[in-house]
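Data block below; observations after.
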Amino acid sequence: MAIVIDGLKLVESKRRLPREAFFVDTNVVIDFKDPFGRSNDDSRFRSRHQEISQVVSQLKASKIVALSSLGVLLEYYKYIQVGFYQARTGNTKFDLSDFKKLRGSDIGFMNSWDLQMKALKKTFRRSFPLYDESPNATETVSTFQGGSVDFGDHLLYETVMRAPQNKRCVFSNDGDFYAFPDELHLLTTNGEIIRTAKKDGKLY
20 MAIVIDGLKL VESKRRLPRE AFFVDTNVVI DFKDPFGRSN DDSRFRSRHQ
70 EISQVVSQLK ASKIVALSSL GVLLEYYKYI QVGFYQARTG NTKFDLSDFK
120 KLRGSDIGFM NSWDLQMKAL KKTFRRSFPL YDESPNATET VSTFQGGSVD
170 FGDHLLYETV MRAPQNKRCV FSNDGDFYAF PDELHLLTTN GEIIRTAKKD
220 GKLY
């Protein structure tokens, strides 16, 4: 199991992250950027947005490098695509054909989509730059077990494990990462993961 680091306690105690960098999971990017303003309407999302922003800002101020992977970018793109389409059309179901049609024929839709893409590029250029050591695609597919974690998490794990040891840390609120081996540090603000790690003797 991964060694869990309580992100909020780390920030409060002003202790240094035991790694020189951390990789963000898609859920962290979503809560940090809050592209559709969920935190304005729901106190749960507001709390997550504030906690994650606090941890990311403090770590970056301490010269800890924040990184992402191509898999995270693709998952975030899909989240933006679906959320943008639903917000613009009022449809609860995503329709790819309709999305492509609107993107090619509706000027307002096109211009707003361009702004979303500029914001996405800025996020992965400035806040969470891509780590360019991608895992071998054939190996990644062949080592994917499927049962305990989803493919996006597996791909992020494979990317992180190709990085030097001083960068092997994932910031995620997804419990799937707790199942990964000890050589990985899991930075989180998820109370359930933190409590489980404490009980298991895996809390940093």
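Counting in this note's numbering, the sequence shown runs from 20 upward without gaps. Quick reminder that beta carbons are idealized off the backbone N, C-alpha and C, glycines included. Owing to the predicted nature of the structure, the values given are computational and were not obtained by experimental measurement.
8 angstroms or more divides the Cβ of Thr-208 from the Cβ of Tyr-197.
Within the same chain, and ignoring the five residues on either side of Ala-40 in sequence, the residues whose Cβ sits closer than 6 angstroms to its Cβ are Val-84, Leu-86, Lys-186. The three-state secondary structure of Leu-36, taken from DSSP, is coil. Note on Asn-192: 16 or more other CB atoms within 10 angstroms of its CB, so buried under the neighbour-count rule. In the three-state reduction of the DSSP assignment, Phe-147 falls in the coil class.
If you look at Ile-22, you'll find it in the beta strand (DSSP E) that goes 22 to 25. Note on the segment 69 to 109: whole alpha helix (DSSP H) runs with a minimum of 4 residues are 89 to 108, in chain order.
For Phe-190, the enclosing beta strand (DSSP E) begins and ends at 188 to 190. Classified as buried, Ile-49 has 16 or more neighbouring CB atoms from the shown chains inside 10 Å of its CB. A Cβ-Cβ distance of about 7 angstroms is found for the pair His-204 and Ala-21, placing them in contact under the 8 angstroms criterion. In summary, Leu-93 is exposed, with fewer than 16 beta-carbon neighbours lying within 10 Å of its beta-carbon over all protein chains present.
Between the alpha carbons of Leu-121 and Phe-128 lies a distance of about 6 angstroms.
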